[in-house]
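The block underneath contains the structure these notes are about, expressed in C-alpha cells.
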C-alpha cells in the first residue's frame, strides 16, 4: 500500500515539475517561432514585412552573458510596471520603444532561457492588448546559443 502511495505522489511531483519547466502555450502556431525564424529576425529585424522588437526577458546578468543579436533586455519581473510607464519614461528606462498595440507593421518577440519566463511575458503582453503582432521563441537562449 505504501508503494502505491509513493508512486502516486511521485507522479504528481513529476507532473508539477513538467508543467513548470514545459508550460503549455496559449499562442497560435504562427506566434511561436523556431530557431530558423528567430535567427532570421535577429539578422533582418523583420517577420513577414513586420518590423520586430526582440525582448530578452531574462535577468540583466544572463543578458550580459549572451543574447540574441539586436535584443533588448526587459526582465519579466519588471514587465508589468514597465508597461504602465508613459512611452517617454519607458524609452528612458529601457532604451527602446514598444510598438503600438494594434500595429500591423511593428511587433514584439519575447524569449528567455528555456520558455517559462517568455510564456509569462507573452501572457502579460497579450493581456495588455498585443495580439497578432506578438511572438515568442520558447526554446529560448538555451537552444539558440547551442545552434549559432
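In the numbering used here, the protein residues as written are 203 to 350. Glycine included, C-beta positions come from ideal geometry on N, C-alpha and C.
Identity of the residues DSSP links to residue i by a beta bridge
i           : result
residue 313 : 258 and 339
residue 248 : 253
residue 234 : 338
Same chain, Cβ closer than 6 Å to residue i, five either side skipped, listed in chain order
i           : result
residue 350 : none
residue 330 : 285
residue 316 : 342 and 344
residue 305 : 335
CA-to-CA distance, residue j to residue i, given in whole angstroms
i           : j           : result
residue 334 : residue 295 : 26 Å
residue 283 : residue 297 : 16 Å
residue 299 : residue 257 : 11 Å
residue 233 : residue 246 : 18 Å
residue 227 : residue 266 : For residue 227, the pLDDT reaches just 43, beneath the cut-off of 50, and the residue's location in the model is therefore unreliable, although a value from the coordinates is still provided. Distance between the alpha carbons of residue 227 and residue 266: 27 Å.
residue 348 : residue 311 : 20 Å
residue 288 : residue 341 : 31 Å
residue 250 : residue 235 : 12 Å
With 16 other Cβ atoms within 10 Å as the buried cut-off, status of residue i
i           : result
residue 205 : exposed
residue 215 : exposed
residue 302 : exposed
residue 262 : exposed
residue 244 : buried
residue 320 : buried
residue 279 : exposed
residue 323 : buried
Same chain, Cβ closer than 8 Å to residue i, five either side skipped, listed in chain order
i           : result
residue 346 : 237, 240, 241, 270, 313 and 339
residue 274 : 255, 256, 257, 258, 296, 297 and 298
residue 268 : 343 and 347
residue 293 : 299
Check: residue i C-beta below 6 Å from any heavy atom of the ligand MG
i           : result
residue 263 : The ligand MG is not part of this structure, which contains no ligands at all.
Contacts around residue i, its chain only, beta-carbon distance under 7 Å, and the 5 residues preceding and following it disregarded
i           : result
residue 332 : 303 and 310
residue 155 : In the structure as shown, the chain starts at 203 and stops at 350, and residue 155 therefore has no counterpart that could be examined.
residue 272 : 244, 247 and 256
Inset, instruction - Could you pull out every unbroken beta strand (DSSP E) segment of at least 3 residues lying fully inside the stretch 261-327, listed in chain order? - result: 273-275 and 308-313
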